Ligand SMILES: Cc1ncc(COP(=O)(O)O)c(C=O)c1O
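In the working numbering, the protein residues as written are 21 to 413.
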């Protein structure tokens, strides 16, 4: 088989364009958080966490527990609001370690943040029961799981606060979602995005769409707008955004910082439209296809194994988690040649070593292979070939 490992412009995220609105046929309909009554669209997932915590009206001395496997954006809203922070260990299936919680959860714990990692719905009934026994509120982080249903019900069914992130599933550059079961504080309306911000979001979308050849029939009106934008910019072409590659995680950096005013702003119209008008069947079906193809191709390979080989039936994965025995050089090489892959190697400083915890181990060994609807089969095969080549070298 010919292996083409030349760098390839494979999109890291869903791509804007008219293709998002095709008619769904024969697609599996999954529960979607956008359909939940009372869902509020926010400017981002981290904004939804911050707003959700605000609505619970915690006191500063109360503690929020976050999983040891996390994205720093799950932690920074907690510290921005001045709450106590703690970490808890996760089991091999990604659920909170209940024995640890039972024995070691600090008495001042008021909120437990639980995430459906990778978009694979967890059964959280036991965790919910623990929370209820202890008078703890559950923040169900569905940033990776906009869709889906597991044995414990639909994603987002059990949380006192539920949050999600629009760009992870739709061709949006901003946006999140918040549900609060019983707000302790009234909900202040979010401030609208100004005309300049709306325009920028529209033009950014067109630029991304053009970069990946997805303008379709939009090109008639989009091309003059893009030409005007280029003229205003002085003729230079936009550089594809590179992922941050700092050697060490810096909690004061942009990645973790929370802009509190932005958290209280609504999403852009472009993001709202992308979320509400995208045909969901294609999103779900393509993600499932990619996941299953990756699971098949990467099973029984030396030096790696799919972390969860079987995709739960009623799920739409965010990424495909792959365990790699010697991940460091492979991850750097994959990123350098543009493979859409992430790794949560930037844990918040001070995450303790906890007995039986998988979180810290995953943060080193688990690569998150993107598997969104705007990756083609060729993109996916190139990801597989790249992985197999780098893991053998
Ligand atoms: C599990 C999880 N929660 C929350 C967030 C924050 O979402 P956003 O990037 O939309 O702010 C992320 C972002 O990566 C995430 O992975």
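Every residue, glycine too, gets a C-beta built ideally from N, C-alpha and C. The structure presented is a predicted model; accordingly, all values stated were derived computationally and were not measured.
According to DSSP, residue i sits in a beta bridge with which residue or residues?
| i | result |
| --- | --- |
| residue 167 | 52 |
| residue 355 | DSSP output for residue 355 lists no bridge partner at all. |
| residue 158 | 132 |
| residue 324 | 344 |
| residue 106 | 85 |
| residue 388 | 341, 362 |
| residue 183 | 161, 198 |
| residue 335 | 168 |
| residue 116 | 110 |
Report, in whole angstroms, the separation of the C-beta atoms of residue i and residue j, which I expect to be a contact under 8 Å.
| i | j | result |
| --- | --- | --- |
| residue 93 | residue 65 | 7 Å |
| residue 278 | residue 413 | That pair is no contact at about 40 Å. |
| residue 236 | residue 38 | 4 Å |
| residue 307 | residue 337 | 5 Å |
| residue 131 | residue 144 | About 14 Å; that fails the 8 Å criterion. |
| residue 280 | residue 100 | 7 Å |
| residue 347 | residue 387 | 6 Å |
| residue 41 | residue 396 | That belief does not hold up - the Cβ atoms of residue 41 and residue 396 are roughly 19 Å apart, past 8 Å. |
| residue 83 | residue 105 | 7 Å |
| residue 112 | residue 85 | Incorrect: roughly 19 Å between the Cβ atoms, too far for contact. |
| residue 136 | residue 175 | 6 Å |
| residue 196 | residue 290 | That pair is no contact at about 14 Å. |
| residue 107 | residue 371 | 5 Å |
| residue 194 | residue 288 | 6 Å |
| residue 183 | residue 162 | 6 Å |
So what's residue i in DSSP terms, helix, strand or just coil?
| i | result |
| --- | --- |
| residue 111 | coil |
| residue 278 | coil |
| residue 64 | coil |
| residue 369 | coil |
| residue 82 | coil |
| residue 213 | coil |
| residue 285 | strand |
| residue 202 | coil |
| residue 361 | strand |
| residue 235 | coil |
| residue 303 | helix |
| residue 173 | strand |
| residue 138 | helix |
| residue 246 | helix |
| residue 126 | coil |
| residue 254 | coil |
| residue 151 | helix |
| residue 94 | helix |
| residue 375 | coil |
| residue 36 | coil |
| residue 218 | helix |
Nearest chain B C-beta to residue i closer than 8 Å, yes or no?
| i | result |
| --- | --- |
| residue 270 | Of the chains in the structure shown, none is chain B; there is only one protein chain. |
Less than 7 Å between C-beta atoms, sequence neighbours within five positions excluded: which residues of the same chain meet that for residue i?
| i | result |
| --- | --- |
| residue 71 | 62, 198, 283 |
| residue 345 | 323, 324 |
| residue 341 | 138, 327, 328, 386, 388 |
| residue 379 | 87, 88, 89, 109, 110 |
| residue 343 | 324, 325, 327, 385, 386 |
Near residue i, which residues of its chain fall below 6 Å by C-beta distance, leaving aside the five closest residues on each side in sequence?
| i | result |
| --- | --- |
| residue 377 | 88, 109 |
| residue 77 | 204, 205 |
| residue 191 | 34, 35, 36, 40, 294 |
| residue 382 | 89 |
| residue 122 | none |
| residue 220 | none |
| residue 60 | 198 |
| residue 404 | 317 |
| residue 225 | 36, 290 |
Under 8 Å Cβ to Cβ from residue i, same chain only, skipping five residues before and after it: list those, please.
| i | result |
| --- | --- |
| residue 27 | 357, 358 |
Is there at least one non-hydrogen atom of ligand 2 closer than 7 Å to the beta-carbon of residue i?
| i | result |
| --- | --- |
| residue 224 | Here the bound small molecules are ligand 1; ligand 2 is not part of this structure. |
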